[in-house]
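Novice:
Residue numbers (my numbering): 1 to 416.
As structure tokens, this is what we get:
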């Protein structure tokens, strides 16, 4: 037995060293250590979510870990430097052995379609897209339920993380703006939201709302899934609040397009989400979720916010600036395992872990050093840099297959 933390030295395997040597993206590890908020609670094997553990919604569903990994695939291709519509359209080729999305089963499942890509004003705004993901029962055939890893149809909305200097400037604008709580909200508290995030969200909202409204009308009984990584996760929470509060700015309600009388199920899956507002905003969100569940059932809204070990993105903006985490029951990703964080510990960014033989655990984990770009036990940089080498944004799609085959032939030299 051993209790370990970020200060413990981990002996990396050759494969692990190769991964970290090839890193190009920023992983916020230094910020994680600088702004650490230590929990007094030690996570143990009893807190681990088993890979066979069913989700909260139904005992017959695949594991929560499998569901999160599937939604994470959609979040990872939203990055503004990529073209999610192209990736989904050509996923058959891109998921071939040696391709950048070889292990991405959810994106490659039959029937997945991109319904539209949106972006904030100009070329600097946050990109996002809306996709349709058919339920496994709609595909039929042996093994499809396992491949799709869900039962119901889903309309998936996802947003890009930070990918340009303008986004960075907005990330750094930590002034707090008044959040426009609808006057119909009971006991309306004072709520303030991150000014930079709010500016980015309100910029993309008109274009996003048009596509999303059409999607919900086209698929009236589909579940609504909101997912994103980093800045994209913050955008998901702001959209969730619009939906739950019935914001008139959206121009529609999530349940007014012919959805089941029981209400449309909403799932929020956030990876590496920063703090987005003060305690007043947290209360508005928590109360809105409670009201939705009261009206449509406890499982009508599911929220999963994942914090990775040594990822400093979820330490920002600082607690001392008056910011609070909007999710009150987050999860902690450590050495490939997902842990439940105890109630009341939402603001902590660091947990000691008693996981048995931690030497074996670290060796078995693909990415034991944690960081911002290793959610769902995947190296998120690998496909991103592969796709950037295709130069679709500059060279266009003409001749992309030839460039792609050459890159696949050189895959041994691509980031691992």
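Using N, Cα and C, we set each Cβ at its ideal position, and we do this for glycine too.
Since residue 334 sits in a beta bridge, which residues does DSSP pair it with?
Specialist: Per DSSP, 337.
Novice: For residue 346, which option in 38, 233, 133, 10 has the closest C-alpha, if you only look at C-alpha atoms?
Specialist: The residue with the shortest Cα to Cα distance from residue 346 is 38.
Novice: Please report the distance separating the alpha-carbon of residue 139 from that of residue 74.
Specialist: In this predicted model, residue 139 has a pLDDT of only 47, less than 50, meaning its place in the structure is not dependable; the value taken from the coordinates is given anyway. Those two C-alpha atoms are separated by around 19 Å.
Novice: Taking its Cβ as the centre, do 16 or more other Cβ atoms sit within 10 Å of residue 59, making it buried, or is it exposed?
Specialist: The predicted position of residue 59 is uncertain, since its pLDDT is 36 and thus under 50; a value taken from the coordinates is nonetheless stated next. Flag for residue 59 reads exposed.
Novice: Given this structure, state the Cα-to-Cα distance separating residue 207 from residue 312, to the nearest angstrom.
Specialist: Computed Cα separation, rounded: 31 Å.
Novice: Give every residue of the same chain whose Cβ lies closer than 7 Å to the Cβ of residue 232, excluding the five residues on either side of it in the sequence, and list them in chain order.
Specialist: Excluding residues within five positions, the ones whose Cβ falls inside 7 Å are 75, 78, 158, 159, 160, 161.
Novice: When DSSP labels each residue in this structure, what does residue 229 get in the three-state scheme?
Specialist: DSSP places residue 229 in strand when its eight states are reduced to three.
Novice: Less than 6 Å between C-beta atoms, sequence neighbours within five positions excluded: which residues of the same chain meet that for residue 334?
Specialist: Only 309, 353 meet the Cβ criterion.
Novice: Who are residue 162's beta bridge partners in DSSP?
Specialist: Answer is none; residue 162 lacks a bridge partner.
Novice: DSSP state of residue 191, grouped into three classes?
Specialist: Here residue 191 sits in coil by DSSP.
Novice: Cutting at 8 Å between CB atoms, please list the residues of its own chain near residue 390, excluding the five before and the five after it.
Specialist: Same-chain partners within the cutoff: 400, 403, 404, 407.
Novice: Going by the CB atoms, is the gap between residue 130 and residue 425 shorter than 8 Å?
Specialist: Because the chain in this structure spans residues 1 to 416, residue 425 falls outside the shown range and cannot be described.
Novice: Since residue 222 and residue 115 are thought to touch, with beta carbons under 8 Å apart, how far apart are those beta carbons, to the nearest angstrom?
Specialist: No, residue 222 and residue 115 are not in contact; Cβ-Cβ is about 11 Å, not under 8 Å.
Novice: Touch check for the region 367 to 375 and the region 16 to 25: three-plus C-beta pairs under 8 Å?
Specialist: Enough Cβ pairs lie closer than 8 Å, so yes.
Novice: Give me the Cα-Cα distance between residue 68 and residue 377, rounded to the nearest whole angstrom.
Specialist: Distance between the alpha carbons of residue 68 and residue 377: 11 Å.
Novice: So, is residue 212 buried or exposed, given that buried needs 16 or more other C-beta atoms within 10 angstroms?
Specialist: Answer is buried; the Cβ neighbour count reaches 16.
Novice: Can we say the region 263 to 279 touches the region 321 to 337, given the rule of at least three CB pairs closer than 8 Å?
Specialist: Yes, the region 263 to 279 is in contact with the region 321 to 337.
Novice: If the criterion is Cβ atoms closer than 8 Å, does the pair residue 219 and residue 153 meet it?
Specialist: Cβ atoms of residue 219 and residue 153: closer than 8 Å.
Novice: Residue 351: buried (16+ other C-beta within 10 angstroms of its C-beta) or exposed?
Specialist: By the neighbour-count rule (16 or more Cβ atoms within 10 Å), residue 351 is buried.
Novice: So what does residue 268 bridge to, in DSSP terms?
Specialist: Note: residue 268 sits in a beta bridge opposite 226, 303.
Novice: From which residue to which residue does the beta strand (DSSP E) around residue 39 run?
Specialist: 38 to 44 is the extent of the beta strand (DSSP E) around residue 39.
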